[in-house]
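>
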Amino acid sequence: MRYLLAALIVLGLSGLAYAAPVGLTSEADATKAELWADENYGLSIGFIGDFVDERGIDVDGGEFSLDAMIGRIALSMYDRFNLYLDLGNAQDMEYTAELNSQKVVVKYEFDDEFLWGIGLNALIMRWDNGFEIGAGASYRSAEMTLDKVTIDNIAYTRANMDTLSDGEFKEWQAALECAWRLDFLTPYIGIKYSDVEVDGDVTYAAVRYDASGKNSQAKVGGFAGLTITPKIDGVPKSEQIAINIEARFMDEDAFNAGITYKF
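Heads up: the sequence shown at position 107 corresponds to 647 in my numbering, and the numbers run straight through without jumps.
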């Protein structure tokens, strides 16, 4: 079992090399806390790798992708609420659209940027058989500093542009989730409403390619995941570790994995 635990931790950390993760909405009491004696509060730190392979944007040919490495600080309260702050790095942001009457394919590529977010997850109800319902809401944002633009398969740098405007990535999300709490595993599935806003605006050879202020094409999506809480006898602090993997679909093609330690 010790080797299994080690393998799972490595798996969780390996996802960090890569729309916002939902996670287990009832995570407030998923692991043990020992920082405060009354255990009404718990402080945790975590690391999440989030891979958004494709998010449809409401413009012809609109697609957005993003990889993010995120550090999370969370405060759990009364085994029911989990308030968190995300600080990390948005990487490999790309935004593609077909613009103007000629449907010119334009791909905007952006620098790596600081990403921040806030969120709250809450347990709504749990039954004796371990079935539970939870909800969550979150927001995250990052600057979109233009690095390169490809117009009809020809790449141009910032210096080549007549004019350009940097933008901002924003994402809002609300989710409702059902989970089944077992001894070491908690599978969950849910539905979410989320929206993103992205920007891309350049002028080249006196032609403007403007795809700024565009939002998600689809806003309702699904997600499914698994939280692993080892709690292995003889392994110190194992009851304070949680590993999570999750897939998001319908509104986006995305995957995230992470690991959390509660003090």
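No residue lacks a Cβ here, since even glycine has one placed at the ideal position from N, Cα and C.
If you pair each beta-carbon of the segment 619-634 with each one of the segment 591-611, do three or more pairs fall below 8 Å?
Segments in contact, yes.
> What does the Cβ neighbour count give for S804, buried or exposed, with the cut at 16 atoms within 10 Å?
In this structure the chain extends from 541 to 803, so residue 804 is not present and cannot be described.
> Among I597, S584 and Y648, which residue has its Cα nearest to the Cα of D791?
Walking along the sequence shown from the start, residue 791 turns up at place 251. The shortest Cα separation from D791 among I597, S584 and Y648 belongs to I597.
> Could you tell me whether the segment 585-604 touches the segment 665-677, where touching means 3 or more Cβ pairs closer than 8 Å?
No contact exists between the segment 585-604 and the segment 665-677.
> Could you tell me whether the segment 644-655 touches the segment 753-772, where touching means 3 or more Cβ pairs closer than 8 Å?
As far as the Cβ criterion goes, the segment 644-655 does not touch the segment 753-772, which means the pair count is below three.
> What does a CB cutoff of less than 6 Å around Y624 pick up in its chain, not counting 5 residues either side in sequence?
Within the sequence shown, the letter at position 84 stands for residue 624. Result list for Y624: R612, A614 and G659, in chain order.
> What residues in its chain sit with their C-beta under 6 Å from that of R666, if we drop five residues either side in the sequence?
Along the sequence shown, one-based indexing puts residue 666 at 126. Only E672 meet the Cβ criterion.
> Helix, strand or coil: how does DSSP classify E786 here?
By one-based count along the sequence shown, residue 786 stands at place 246. Three-state result, E786: strand.
> The beta strand (DSSP E) that contains W656, what's its start and end?
By one-based count along the sequence shown, residue 656 stands at place 116. Start and end: E653 to R666.
> Indicate the three-state DSSP secondary structure (helix, strand or coil) for E603 in the structure shown.
Residue mapping note: residue 603 aligns to position 63 of the sequence shown, counting from 1. Residue state, collapsed to three classes: strand.
> Give the straight-line distance between the Cα atoms of K643 and N784, rounded to the nearest whole angstrom.
In the sequence shown, counting from the first residue as 1, residue 643 sits at position 103. In the sequence shown, counting from the first residue as 1, residue 784 sits at position 244. Approximately 41 Å between the Cα atoms of the pair.
> Where does R680 land, buried or exposed, given buried means 16+ other C-beta within 10 angstroms?
Residue 680 sits at position 140 when you count from the first residue of the sequence shown. Buried, because 16 or more other Cβ atoms sit within 10 Å of the Cβ of R680.
> Quick check on the burial criterion: 16 or more other C-beta atoms within 10 angstroms. Buried or exposed for F763?
Taking the sequence shown and counting its residues from 1, one reaches residue 763 at position 223. The residue is buried, with at least 16 neighbouring Cβ atoms inside 10 Å.
> Tell me which residues share the same chain as T800 and place their Cβ nearer than 6 Å to its Cβ, disregarding the 5 neighbours each side in the sequence.
Taking the sequence shown and counting its residues from 1, the one referred to as residue 800 is at position 260. So the qualifying residues of the chain are S584, G586 and A782.
> Give me, in chain order, the residues of the same chain whose beta-carbon lies closer than 7 Å to that of D793; leave out the 5 immediate sequence neighbours on both sides.
Translated into the one-based positions of the sequence shown, residue 793 becomes position 253. Only D593 and E594 meet the Cβ criterion.
> Counting only the same chain and skipping the five closest in sequence on each side, list residues whose C-beta sits under 6 Å from that of F795.
Taking the sequence shown and counting its residues from 1, one reaches residue 795 at position 255. Counting only Cβ-Cβ distances below 6 Å, and skipping sequence neighbours, we find F591 and A787.
> Name the one or two DSSP bridge partners that N622 has.
Against the sequence shown, residue 622 aligns to sequence position 82. DSSP, once it has assigned bridges, lists S616 and N661 as partnering N622.
> Assign S778 to one of three DSSP states: helix, strand, or coil.
Looking up residue 778 in the sequence shown gives position 238. Helix.
> How would you call Y749, buried or exposed, if buried means at least 16 neighbouring beta carbons within 10 angstroms?
Along the sequence shown, read from residue 1 onward, the residue named residue 749 stands at position 209. By the 10 Å Cβ count, Y749 comes out buried.
> Taking the beta strand (DSSP E) that G670 belongs to, which residues open and close that run?
Here residue 670 is taken as the residue at index 130 of the sequence shown, counted from 1. Here G670 belongs to no beta strand (DSSP E), and DSSP marks it neither H nor E.
> Helix, strand or coil for N700 per DSSP?
Along the sequence shown, read from residue 1 onward, the residue named residue 700 stands at position 160. Three-state DSSP puts N700 in a helix.
> Using 8 Å as the threshold, is the segment 716-726 in touch with the segment 680-692, meaning 3 or more CB pairs across them?
No, the segment 716-726 is not in contact with the segment 680-692.
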